[in-house]
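Participant: At position 114 of the sequence shown the residue is numbered 106 (this note's numbering), and the sequence of numbers has no breaks.
Glycine included, each C-beta is placed from N, C-alpha and C at the ideal position.
Below is the structure I would like to discuss, written out as structure tokens.
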Amino acid sequence: MRSSMAWFGYHGQLAPGPHMPADVPQSQLTRGPGAPERLTQAQTLLIDADDTLWENNVYFEQAIADFVSFLNHQHMTRGEVREVLYGVERQTILERGYGLHSFAHSLVKTFEHLSVEPVTPELHQTIWKFAHRISETPIELIAGVPETLQYLQQRHHLILVTKGNFTEQTGKIERSGLKEYFAAVEIVPEKNAAAYKSVVGKYELAHATTWMVGNSPKSDINAALAAGINAVFVPHDLTWVLEHETIATAPDGLKLLHVERFGDLREYF
Ligand SMILES: [Mg+2]
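Following this line, the structure appears as structure tokens:
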């Protein structure tokens, strides 16, 4: 529904809720200039994968919930245990990057911090399994994704841009069956402004006709805008806490589009 989308900001009726990170300032929830017609010129769409094309964080949430139950802390609430884990994860990512091994390491570290029990080899293996079960989960595509990619690739240039462990991300892309829609795939260790500038340089992309599409305010939207390209925010109600950030206002000359779901891209591109 076209009226549910907005260019250059958010629709006035959207309130923080399942589809909106709580840290989006209300001042940005105003509709910008009127929505233009569908873009006729070919654009380059850089498209995020995890929680944009397929479900991802829901499996980590389940693993964390199982881990917190297993830890069964006597004094801390589940929320407090999660906060400790998030702090450990931030540090682990700096040291080891993203991915399942990194996540498993964070769970073990958190257990070491919070449990009076020593981490025996048996306990280590049990905790490791909470994380590594995720790799056995089949890829679950988000509704509307294949048909929307099918439509978009006929009109525009699509490049998949994902961050994380190279082997894990490559495996998910292969299993997703979506690779054929993309002219190229970029797997980067971190999605920051420098990474986007590097992709723009590598493919000699024009800033004005290049967009980053994704669910993460931090990695997909703010980093892309900081690199001087346009962005499309496709929120996901289970976006990883470490990706939450207040969405920046698009700098002059750049466009920030907010759609409710991936399939809505067809109305604009
Ligand atoms: Mg994502």
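Is it true that the CB of residue 119 sits closer than 8 Å to the CB of residue 156?
Facilitator: One-based indexing of the sequence shown puts residue 156 at position 164. One-based indexing of the sequence shown puts residue 119 at position 127. Contact: no.
Participant: Tell me which same chain residues have a C-beta within less than 6 Å of the C-beta of residue 138, skipping the five on either side of it?
Facilitator: Your numbering for residue 138 matches position 146 in the sequence shown. Counting only Cβ-Cβ distances below 6 Å, and skipping sequence neighbours, we find nothing.
Participant: Put residue 249 into one of helix, strand or coil per three-state DSSP.
Facilitator: Here residue 249 corresponds to residue number 257 of the sequence shown, with the count starting at 1. Three-state result, residue 249: strand.
Participant: Is any heavy atom in ligand 1 found nearer than 7 Å to the beta carbon of residue 208?
Facilitator: In the sequence shown, the residue the question calls residue 208 occupies position 216. Under cutoff, so the answer is yes.
Participant: Quick check on residue 256: does DSSP put it in helix, strand or coil?
Facilitator: What you label residue 256 is simply residue 264 of the sequence shown in a count that begins at 1. Three-state result, residue 256: helix.
Participant: Residue ranges of each alpha helix (DSSP H) run of no fewer than 4 residues wholly in the region 60 to 86, ordered along the chain?
Facilitator: The qualifying runs do not exist here; there are none.
Participant: Apart from the five residues on each side of it in sequence, which residues of its chain come closer than 7 Å, Cβ to Cβ, to residue 63?
Facilitator: For this step, residue 63 is matched to residue 71 along the sequence shown. Once the five neighbours on either side are set aside, the close Cβ partners of residue 63 are 73, 103, 106, 107.
Participant: According to DSSP, residue 149 sits in a beta bridge with which residue or residues?
Facilitator: The residue given as residue 149 occupies position 157 in the sequence shown. The partner list for residue 149 (beta bridge, DSSP) reads 36.
Participant: Can you name the start and end residues of the beta strand (DSSP E) that residue 136 belongs to?
Facilitator: In the sequence shown, residue 136 corresponds to position 144, counting from 1. It is not in any beta strand (DSSP E) - residue 136 carries neither H nor E in the DSSP assignment.
Participant: Quick one: which unbroken alpha helix (DSSP H) runs of 4-plus residues sit fully inside the region 152 to 214? Chain order, please.
Facilitator: Listed in chain order, the complete alpha helix (DSSP H) runs (minimum 4 residues) inside the region 152 to 214 are 158 to 168, 185 to 194.
Participant: Would you mind sorting residue 86 into buried or exposed? The rule is 16 or more other CB atoms within 10 Å of its CB.
Facilitator: Residue numbering aside, residue 86 sits at position 94 when the sequence shown is read from its first letter. Residue 86 comes out exposed.
Participant: Less than 8 Å between the C-beta atoms of residue 183 and residue 229, yes or no?
Facilitator: The residue you call residue 183 lines up with position 191 of the sequence shown. The residue you call residue 229 lines up with position 237 of the sequence shown. Cβ distance not < 8 Å, so residue 183 and residue 229 don't count as in contact.
Participant: Count the other CB atoms within 10 Å of the CB of residue 14; is the residue buried (16 or more) or exposed (fewer)?
Facilitator: Here the question's residue 14 lines up with position 22 in the sequence shown. In this prediction, residue 14 has a pLDDT of 39, which is less than 50 and means its spatial position is unreliable; nothing more can be read from the coordinates.
Participant: Tell whether a beta-carbon distance below 8 Å holds between residue 185 and residue 219.
Facilitator: Taking the first residue of the sequence shown as 1, we reach residue 185 at position 193. Taking the first residue of the sequence shown as 1, we reach residue 219 at position 227. Yes, Cβ-Cβ distance for residue 185 and residue 219 is below 8 Å.
Participant: Are there three or more Cβ pairs, one per stretch, closer than 8 Å when the region 111 to 130 is compared with the region 139 to 149?
Facilitator: No contact exists between the region 111 to 130 and the region 139 to 149.
Participant: For ligand 3, is there any heavy atom lying closer than 7 Å to the beta carbon of residue 42?
Facilitator: Within the structure as shown, ligand 3 is missing, the only ligands being ligand 1.
Participant: Measure the alpha-carbon distance for residue 233 versus residue 195 and round it to whole angstroms.
Facilitator: The sequence position of residue 233 within the sequence shown is 241, counting from 1. The sequence position of residue 195 within the sequence shown is 203, counting from 1. The alpha-carbon atoms of residue 233 and residue 195 are separated by roughly 31 Å.
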